[in-house]
Amino acid sequence: MEAAAGGGCGSGPPLLLSEGEQQCYSELFARCAGAAGGGPGSGPPEAARTVPGTVTAAAGPVADLFRASQLPAETLHQITELCGAKRVGYFGPTQFYIALKLIAAAQSGLPVRIESIKCELPLPRFMMSKTDAEIRFGNPAELHGTKVQIPYLITEKNTFKRMDDEDKQETQSPTMSPLASPPSSPPHYQRVPLSHGYSKLRSSTEQMHPAPYEARQPLVQPEGPSSGAPGAKPPRHKASLIRSFSVEREPHDNSSNYPDEPWRITEEQREYYVNQFRSLQPDPSSFISGSVAKNFFTKSKLSIPELSYIWELSDADCDGALTLPEFCAAFHLIVARKNGYPLPEGLPPTLQPEYLQAAFPKPKRECTLFDSYSESMPANQQPRDLNRMEKLSIKDTADFPVPTQDVTSDDKQEQNKTRLALKSTADEALPKDMSEDPATSKDSNSLKARPRSRSYSSTSIEEAMKRGEDPPTPPPRPQKTHSRASSLDLNKVFQPSVPATKSGLLPPPPALPPRPCPSQISHHNVNSERSAHPKPPTQLPNYGDFRLQKQDIPHSQPPSKPIRRKFRPENSATESQEPPSTVGPVSAASGKPHAAVQKQSSKQKKAIQTAIRKNKEANAVLARLNSELQQQLKEVHQERIALENQLEQLRPVTVL
Amino acid sequence: MAVCVAVIAKENYPLYIRSIPTENELKFHYMVHTSLDVVDEKISAMGKALVDQRELYLGLLYPTEDYKVYPSHQLCRYGYVTNSKVKFVMVVDSSNTALRDNEIRSMFRKLHNSYTDVMCNPFYNPGDRIHSRAFDSMVTSMMIQVC
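Going line by line, the protein sequences match chains C and L.
By our numbering, the letter at position 113 of the first sequence is numbered 113, and the numbering carries on one by one without gaps.
Just remember that our numbering sits 656 ahead of the position in the second sequence, which is counted from 1.
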């Protein structure tokens with residue numbers, strides 16, 4: 001349907017309007033004209049144009065409308081000039097339509113020129129405020145995922161009908177129910193107190209972009225057919241986004257006036273993205289590798305070409321890895337795409353990494369609060385994603401008393417966290433979230449955290465896992481008991497060694513030369529010498545007694561009977577003294593002193609014997625270990641030689 | 657300037673091929689295909705030399721020939737091979753401006769950089785056709801510099 005603009009105003013070229021545009025513009029014109037008290041302007045524009053004065057849109061409402069388009073004032077001036085209204089002095093339908101088209105062009109970023117309106121343009125966007133008497137704009141039936149906004153709930157009853165579609169979907173959607181109050185709700189909805197809005201938003205954003213994206217798909221799909229307008233879904237989902245944007249924007253209008261509200265990241269979303277980032281990569285100042293990010297973003301169920309394009313947009317430095325701002329931008333694009341926004345041609349200015357880093361300065365925060373927040377939040381966000389739970393290494397360890405390694409890493413992370421932004425409203429919502437899921441987080445943490453990785457510096461999770469395994473416990477050393485030399489049994493070894501030392505009959509361990517039993521040597525009256533020589537002393541100091549010894553030997557008790565010896569010192573003493581008649585008097589003379597001495601000596605004997613036994617055991621064990629290791633060394637040598645041989649054989653083949 | 661740009665994989669199948677004017681595309685495809693033989697010849701001529709020593713830019717592949725349809729145009733084919741045996745072939749129209757060798761080299765360098773950017777994208781599987789919009793726009797800029 002063409003508007004013959006060339007007829008009257010003489011300035012505009014033939015204007016091509018699509019169905020949607022036609023409808024929209026005519027309605028808008030009707031409003032503006034209706035407000036002026038004129039007749040409805042929904043008739044064919046060309047018919048109306050020819051009669052000046054019949055249908056015009058009053059300047060007042062039109063000006064309001066143009067202001068609502070959020071374009072800067074000079075642009076609006078340009079538009080009014082171009083559309084010819086200034087020249088003819090009023091807004092006829094043609095001028096109005098041209099102006100609307102120009103507004104659309106300006107909002108899409110095209111220069112304000114007549115040529116711009118020749119091409120296909122999305123519908124112009126108008127932000128409505130409560131004070132505005134205008135109706136909300138939006139065309140649920142016509143949307144096909146273009147940038148039409150459904151900014152606010154209406155207050156006017158006359159547009160309730162158009163809201164019906166929205167309402168039906170909204171009431172059906174559980175995620176939106178808290179937000180999408182019916183239009184008859186109190187008009188001050190739009191200035192809902194921030195905390196309420198944010199907490200609701202958080203719950204809705206969480207539900208909107210839950211970690212398991214699959215959950216959303218069934219949610220979206222049943223509502224799609226019910227609404228009958230595929231385009232209506234996106235606005236409903238976008239609505240919460242947009243509400244957050246607009247609510248966010250009003251107080252922060254000092255920042256640059258970007259027309260691309262959907263590409264602006266709110267605090268809520270920012271926090272969510274940061275937490276997701278941290279779940280993949282504990283260090284916020286580091287980056288996520290490509291493969292990790294790929295696995296993560298593939299879960300969003302977007303097609304690979306789209307994900308590829310999103311990556312292209314967001315990875316500004318094209319290094320194959322995502323820093324935190326890049327990650328936020330990518331995530332935001334994915335979220336927007338899932339909500340039906342078409343992907344932009346270029347990275348929007350609000351998603352540029354520099355902008356993101358500048359827009360969210362890093363003030364000092366209470367680190368403890370943030371720590372606990374970050375610990376609970378990831379658990380909160382990913383209740384079902386156990387894989388990611390395993391990666392909450394650093395946060396988990398902060399929950400529990402941990403070795404010093406993690407304490408230092410905590411410090412580091414605290415410093416990192418101070419650099420990230422948090423709003424106080426987020427803090428308010430924190431305790432709520434924390435109280436919601438401390439149990440689950442702690443349980444899962446306790447389940448997963450302990451054995452899991454504690455390293456934080458690695459970029460890949462696998463490396464982190466591997467490195468994390470090392471600190472807890474090194475693998476146990478091979479026991480002193482036999483690993484290879486099964487024939488050697490420690491028990492068997494030192495049992496015979498004891499009797500050998502005692503009796504001297506059995507062959508002693510190879511390390512020790514055969515020598516008489518120290519107990520026998522210490523049996524005699526050389527106290528000081530005995531104490532001075534805990535080891536079996538040489539035979540010299542007791543040379544004199546050696547003859548005694550020799551005679552005592554046949555009478556010596558079998559091994560491990562120092563106790564008996566102790567209890568029968570006198571008996572043995574007397575026994576040993578009687579047969580050796582030659583030394584009888586000597587031994588007899590020394591019998592009694594022996595008796596007195598023997599108690600002490602027996603204790604010392606015992607001590608010495610145990611010491612000796614232990615030392616011999618240790619010796620034996622070490623000797624065996626040595627032999628085993630020697631064996632292993634030989635085997636390793638052989639392997640090495642074999643490998644070198646193989647290498648030699650393969651080497652000439654690989655040369656190109 | 658560049659009339660046709662092609663990126664050929666190691667196994668000699670095209671990863672990306674685009675030409676202007678869009679008519680007679682087949683002829684350009686054929687030209688690129690025949691150029692591959694020349695490229696392979698130049699690579700193998702290096703013989704046992706290590707890859708590092710081989711220069712990436714191969715230069716003019718074929719003596720300039722007249723283009724039958726547009727008799728005024730003279731088409732030159734240039735080749736460039738990366739270390740991973742991915743080949744870039746460019747057909748330039750030398751009638752408008754006599755392109756210096758340096759300019760061709762810089763064009764290939766840009767191509768190579770864009771190609772590595774495409775590679776950096778984790779969602780790109782090596783061996784797929786290149787659909788990257790950044791790459792497209794870069795090639796477009798090369799193609800319509802003068803036209």
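Think of the CB as a built atom: it goes at the ideal place given N, C-alpha and C, for glycine as much as any other residue.
Computed from a prediction, not measured in an experiment: that's the story for all the values here.
- Query: Since C:Lys294 is in the alpha helix (DSSP H), which residue starts that stretch and which ends it?
  - Reply: 290-298
- Message: Please list, in chain order, the chain L residues whose beta carbon lies closer than 7 Å to that of C:Trp263.
- Response: Those within 7 Å of C:Trp263 in chain L number zero; the least Cβ separation is about 17 Å.
- Query: Just by C-beta distance, which residues in the region 770-788 of chain L are closer than 7 Å to chain C?
  - Reply: Asp773, Cys776, Asn777, Pro778, Phe779, Tyr780, His787, Ser788
- Item | Alpha carbon of C:Glu27 to alpha carbon of C:Pro353, nearest angstrom | If I take the Cα positions, the gap works out to 41 Å.
- When you compare only the Cα positions, how much space is there between C:Gly346 and L:Asp773? 16 Å
- Is it buried or exposed for C:Gly109, if we count other Cβ within 10 angstroms and need 16 for buried? exposed
- Provide the residue span of the alpha helix (DSSP H) that contains L:Asp757, from first to last. Run containing L:Asp757: 757-776, per the alpha helix (DSSP H) assignment.
- Item | Under 7 Å from the C-beta of C:Glu312: neighbouring residues of chain L | Asn777, Ser788, Arg789, Ala790
- Helix, strand or coil at C:Ala642 according to DSSP, with G and I counted as helix: helix
- Distance, Cα to Cα, C:Thr408 vs C:Ala623? The predicted model places C:Thr408 with a pLDDT of 45, which falls under 50 and marks its position as unreliable; any figure quoted below should be read in that light. If I take the Cα positions, the gap works out to 42 Å.
- Query: According to the Cβ coordinates, are C:Glu306 and C:Asp315 closer than 8 Å?
  - Reply: For C:Glu306 and C:Asp315, no; Cβs fall outside 8 Å.
- For C:Ala293, which residues from the same chain have a beta carbon less than 6 Å from its beta carbon, with the 5 sequence-adjacent residues on both sides left out? Leu322
- Query: Grouping DSSP H, G and I as helix and E and B as strand, with all else coil, what is C:Cys318?
  - Reply: coil
- Just checking my contact of L:Ala662 with L:Tyr672 at CB under 8 Å: how many whole Å lie between their CB atoms? So it is a contact: roughly 7 Å between Cβ atoms.
- Query: Does the Cβ of C:Ala330 have 16 or more other Cβ atoms within 10 Å, making it buried, or fewer, making it exposed?
  - Reply: Buried is the call here.
- Query: Beta carbon of L:Val748, beta carbon of L:Val688: below 8 Å?
  - Reply: No.
- Identity of the residues DSSP links to L:Asp749 by a beta bridge: L:Leu731
- Message: Is it the case that the region 761-781 of chain L contacts the region 733-742 of chain L, given that we only count it when at least three CB pairs across the two stretches are under 8 Å?
- Response: yes
- Extent of the continuous alpha helix (DSSP H) to which C:Pro325 belongs: Boundaries of the alpha helix (DSSP H) around C:Pro325: 324-338.
- Message: Using 8 Å as the threshold, is the C-beta distance between L:Asn680 and C:Ser308 below it?
- Response: no
- 7 Å Cβ shell around L:Leu712 - same chain, five flanking residues per side excluded: Tyr736, Val737, Thr738
- Task: Give me the Cβ distance between C:Leu65 and C:Cys83, rounded to the nearest whole Å; I'm assuming they're in contact under 8 Å.
- Result: Their Cβ separation, rounded to whole angstroms, is 13 Å, which puts C:Leu65 and C:Cys83 out of contact at 8 Å.
- Item | Residue from L:Ser797, L:Asp757, L:Ala701, L:Tyr686 whose Cα sits closest to the Cα of L:Gly770 | According to the sequence as given, residue 770 of chain L is Ser; it is not Gly. When each option's Cα is compared against that of L:Ser770, the closest is L:Ser797.
- Task: State the Cα-Cα distance for the pair C:Val597 and C:Lys605, rounded to the nearest angstrom.
- Result: 12 Å
- Task: Report all residues from its chain with a CB closer than 6 Å to the CB of L:Lys743; omit the five preceding and five following residues, and keep chain order.
- Result: Ile664, Val695, Val737
- Query: CB of L:Asp784 to nearest heavy atom of the ligand ATP: below 7 Å?
  - Reply: This structure lacks the ligand ATP; in fact it carries no ligand of any kind.
- On the premise that C:Pro284 lies in contact with C:Leu324, defined as a C-beta separation below 8 Å, what is that separation, rounded to the nearest angstrom? Beta-carbon to beta-carbon, C:Leu324 and C:Pro284 are separated by about 5 Å, close enough to satisfy the 8 Å threshold.
- Message: Quick check: what's the CA-CA separation for C:Gly60 versus C:Cys32?
- Response: 8 Å
- Assign C:Arg31 to one of three DSSP states: helix, strand, or coil. helix
- Message: Against chain L, does C:Cys83 count as a neighbour if the rule is that its beta carbon must be under 8 Å from one of theirs?
- Response: no
- Message: For L:Arg789 and C:Glu312, which I take to be in contact (beta-carbon distance under 8 Å), what is that distance rounded to the nearest angstrom?
- Response: 7 Å
- Which residues mark the beginning and the end of the alpha helix (DSSP H) in which C:Tyr273 is found? 267-280
- Task: Return the CA-CA distance between L:Ser750 and L:Tyr780, expressed in angstroms with no decimal places.
- Result: Each residue's Cα considered, the two are about 34 Å apart.
- CA nearest to the CA of C:Asp319, picked from C:Arg337, C:Ile288, C:Asn295, C:Lys299: C:Ile288
- Message: For the alpha helix (DSSP H) containing L:Ser740, name the first residue and the last one.
- Response: Taken as a continuous stretch (DSSP letters only), L:Ser740 belongs to no alpha helix (DSSP H), as it is neither H nor E.
- Item | Partners in chain L for C:Arg286, counting only beta-carbon separations shorter than 7 Å | Contrary to the premise, residue 286 of chain C reads as Ser rather than Arg in this sequence. Within 7 Å Cβ-Cβ: nothing; C:Ser286 doesn't reach chain L, min ~17 Å.
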